[in-house]
Amino acid sequence: MKDRLKNGIAWALLPQILVVKLLGSYPDFVEQYYSNGAYPVISKFFRFLLGWIPFSIGDIIYFVIICLSIGYLFYHRKYIKKHPKLFIRNIVMVLSVAYFTFHISWAFNYYRLPISNKLQLEETYTKDELVSFTKNLINKTNELHLTITNDSTLKVDFPYTKNEIFEKTISGYKNLGTTFPFLSYQKASIKKSVFSTVLSYMGYGGYLNPFTHESQVNGKLPNFRFPVVSGHEIGHQLGYSAENETNLIGYIVTINNKDVLFQYSGYAYALGYCLSNIKAVDKKLYSELIILVNAGILKNFQEVNDFWKSYENPMEPIFKSIYNTFLKANNQKEGIKSYSSVVGLFVTYHKKHPL
Numbered sequence: 002m003k004d005r006l007k008n009g010i011a012w013a014l015l016p017q018i019l020v021v022k023l024l025g026s027y028p029d030f031v032e033q034y035y036s037n038g039a040y041p042v043i044s045k046f047f048r049f050l051l052g053w054i055p056f057s058i059g060d061i062i063y064f065v066i067i068c069l070s071i072g073y074l075f076y077h078r079k080y081i082k083k084h085p086k087l088f089i090r091n092i093v094m095v096l097s098v099a100y101f102t103f104h105i106s107w108a109f110n111y112y113r114l115p116i117s118n119k120l121q122l123e124e125t126y127t128k129d130e131l132v133s134f135t136k137n138l139i140n141k142t143n144e145l146h147l148t149i150t151n152d153s154t155l156k157v158d159f160p161y162t163k164n165e166i167f168e169k170t171i172s173g174y175k176n177l178g179t180t181f182p183f184l185s186y187q188k189a190s191i192k193k194s195v196f197s198t199v200l201s202y203m204g205y206g207g208y209l210n211p212f213t214h215e216s217q218v219n220g221k222l223p224n225f226r227f228p229v230v231s232g233h234e235i236g237h238q239l240g241y242s243a244e245n246e247t248n249l250i251g252y253i254v255t256i257n258n259k260d261v262l263f264q265y266s267g268y269a270y271a272l273g274y275c276l277s278n279i280k281a282v283d284k285k286l287y288s289e290l291i292i293l294v295n296a297g298i299l300k301n302f303q304e305v306n307d308f309w310k311s312y313e314n315p316m317e318p319i320f321k322s323i324y325n326t327f328l329k330a331n332n333q334k335e336g337i338k339s340y341s342s343v344v345g346l347f348v349t350y351h352k353k354h355p356l
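Structural data, given as C-alpha cells:
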C-alpha cells in the first residue's frame, strides 16, 4: 500500500470521530435508518453466515490478530525503532479502519433511542416503589424455588447442558417476539467463548463480537446464571448496546420462558440486583428483606459469588477500568455502573407488567 493512501486512511480517523459524534446527536435518525434499517440486515447476514458453526470464529480471529501483532512487533522491532513516526502512522491507520468497521457493523447502536421508549416506561421511580417491588419479587422467587425443590433450604441445580440452555433461550425469544415484535430473533448465532477461562479472570460473563455478530457466553458460568447472560448477549445482537437495557432484555426473555427453571433464574437475577441496590443505601432495610429470602436461593447466590471469587486476580480491576472507559467513550455515561442501573428498568417495567 502506498504511503499517500496510508496517510489518507490514518487522517480519516478524525473526521470519522466527528461524524459519529454528530450523528450521535440525532438518536431518532440513528434509530430509523441504522438500528431499524441497515443494522438488522448486516447482523442477520453474519448470523446466517457463521451461526451454524459450533465454535466461535470471532474468538479465533481475535487470537490470530493478537499473534500476528506480537510477531510483527518482534520481527520488525529494529525497523520500528528507526522509523517510529511511520509505525505510529500505521497504528493510526489500523485504528481508522477498525473504527469505521466497528461503527458500520454495530456501534452506531450506542446512539439509538433508549428501549424505554419502545416499552413506554417511565424514567423515574421512588424508594417506596423499589421496596414494594423487591418484596413482591422475593415472594415470586420463593414461590418458584419451592415449586422446583419442595424444600426452602435446597439450592436449585440446573440439569441442562450449556447448549441446551442456548436452545431454550432461542425458543424463549421466539415466544417473546409475539409480545414484543422488536425483540423477535431469527438466525441464531450464540456460542460458548473459546476464551471462557480468560473471560472468567477478566470478570466478564460474555460479550458480542461486533464484527462477526456472534454472541459469546462464558462457558464457565454456573448454570444458574447462564440463561440470563445468554439472553443478555442476544439482546446486544438485536442491536441494544446499553448494558442496563440488555440486562432488562435478558431478564424479560428468561422470566417469560416456558421452563420454570428459567423463570426462577430470571426472577432471582432481578432480586439480586434489587437487594444490592437497597443494601447500598439502607443496610437496615436490606437486613430486614434478606431474611425473607429462602435459604436455597441464597445458596444459589453464593454459588455465583464463589465462582467469581475463584477467578479473582490483580489484573481484574484493570480490565474493568478499561471496559469502564470504553463504555463511557461510547455514549454510556455511567460506564460499568450502567449494569446496576437496570434496577430502575425492572421497577418501571413491572408497573406496566405486574408480577
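For the sequence shown, the numbering used here begins at 2 and goes up steadily by one.
Backbone N, C-alpha and C fix where the C-beta goes; we use that ideal spot for every residue, glycine too.
Cβ distance (whole Å) where residue i is taken to contact residue j below 8 Å
| i | j | result |
| --- | --- | --- |
| Leu51 | Thr213 | 6 Å |
| Tyr174 | Ile235 | 6 Å |
| Lys163 | Gly72 | Actually they do not touch by this definition, with Cβ atoms about 33 Å apart. |
| Val229 | Thr148 | Not quite, the Cβ-Cβ distance comes to about 19 Å (not below 8 Å), so this is no contact. |
| Phe101 | Gln17 | 6 Å |
| Ile191 | Phe227 | The pair is not a contact, with the Cβ atoms about 11 Å apart (cut-off 8 Å). |
| Leu346 | Ser117 | 7 Å |
| Leu23 | Val31 | Contact doesn't hold; Cβ gap of about 11 Å is too wide. |
Beta strand (DSSP E) segment containing residue i, residue limits
| i | result |
| --- | --- |
| Ile191 | Ile191 to Lys193 |
| Tyr208 | Gly207 to Leu209 |
| Ser44 | From DSSP, Ser44 is part of no beta strand (DSSP E) but of the alpha helix (DSSP H) over Tyr40 to Leu51. |
| Gln187 | Looking at the DSSP string, Gln187 is not in any beta strand (DSSP E), and its letter there is neither H nor E. |
Sequence-distant residues of the same chain with beta carbon closer than 8 Å to residue i, five excluded per side
| i | result |
| --- | --- |
| Leu209 | Trp107, Glu215, Ser216, Gln217, Glu234, His237 and Gln238 |
| Ser172 | Asn258 and Lys259 |
| Lys7 | Arg90, Asn91 and Met94 |
| Lys353 | Leu120, Gln121 and Leu122 |
When the options are compared against residue i, the one with the closest alpha-carbon
| i | options | result |
| --- | --- | --- |
| Phe183 | Tyr287, Ser36, Val305 and Leu293 | Ser36 |
| Lys193 | Gly206, Phe181, Ile66 and Tyr202 | Gly206 |
| Gly297 | Tyr274, Ser266 and Ile319 | Ser266 |
| His146 | Thr326, Asn295, Val343 and His354 | Asn295 |
| Lys188 | Gln264, Pro41 and Pro211 | Pro41 |
| Phe320 | Leu299, Val199, Glu289 and Asn224 | Val199 |
| Leu131 | Ile323, Leu286 and Leu293 | Leu286 |
| Ser44 | Asn110, Thr326 and Ile67 | Asn110 |
| Tyr161 | Phe47, Leu222, Ala99 and Tyr241 | Leu222 |
| Asp283 | Lys128, Phe47 and Phe46 | Lys128 |
| Thr142 | Met316, Ile54, Ile291 and Asn331 | Ile291 |
Span of the alpha helix (DSSP H) around residue i
| i | result |
| --- | --- |
| Val93 | Pro85 to Ser106 |
| Val348 | Val343 to Lys353 |
| Asn65 | Looking at the sequence provided, one finds Val at residue 65 rather than Asn. Counting along the chain, the alpha helix (DSSP H) containing Val65 begins and ends at Ile58 to Tyr76. |
| Gln217 | Not the alpha helix (DSSP H): Gln217 falls in the beta strand (DSSP E), residues Ser216 to Val218. |
| Asn306 | Ala296 to Lys310 |
| Phe263 | Val261 to Val282 |
| Ile250 | Glu244 to Ile256 |
| Gln238 | Phe227 to Gln238 |
Same chain, Cβ closer than 6 Å to residue i, five either side skipped, listed in chain order
| i | result |
| --- | --- |
| Val254 | Gly173, Tyr174, Leu177 and Gly232 |
| Leu293 | Ile139 |
Own chain partners of residue i with C-beta closer than 7 Å, once the 5 adjacent residues on each side are dropped
| i | result |
| --- | --- |
| Pro405 | Since the first residue of the chain shown is 2 and the last is 356, residue 405 is not available in this structure. |
| Phe225 | Val157, Phe159, Ser266, Asn301, Glu304 and Val305 |
| Ser197 | Asn219, Gly220 and Lys221 |
Check whether the stretch 85-99 touches the stretch 8-16, taking contact to mean three or more Cβ pairs, one atom from each stretch, closer than 8 Å. yes
Meets three-Cβ-pair contact criterion under 8 Å: the stretch 277-286 and the stretch 73-85: no
At a cut of 8 Å, does the stretch 196-205 reach the stretch 305-318 through at least three beta carbon pairs? yes
Counting Cβ pairs, one atom from each stretch, are 3 or more of them under 8 Å apart for the stretch 144-159 and the stretch 297-307? yes
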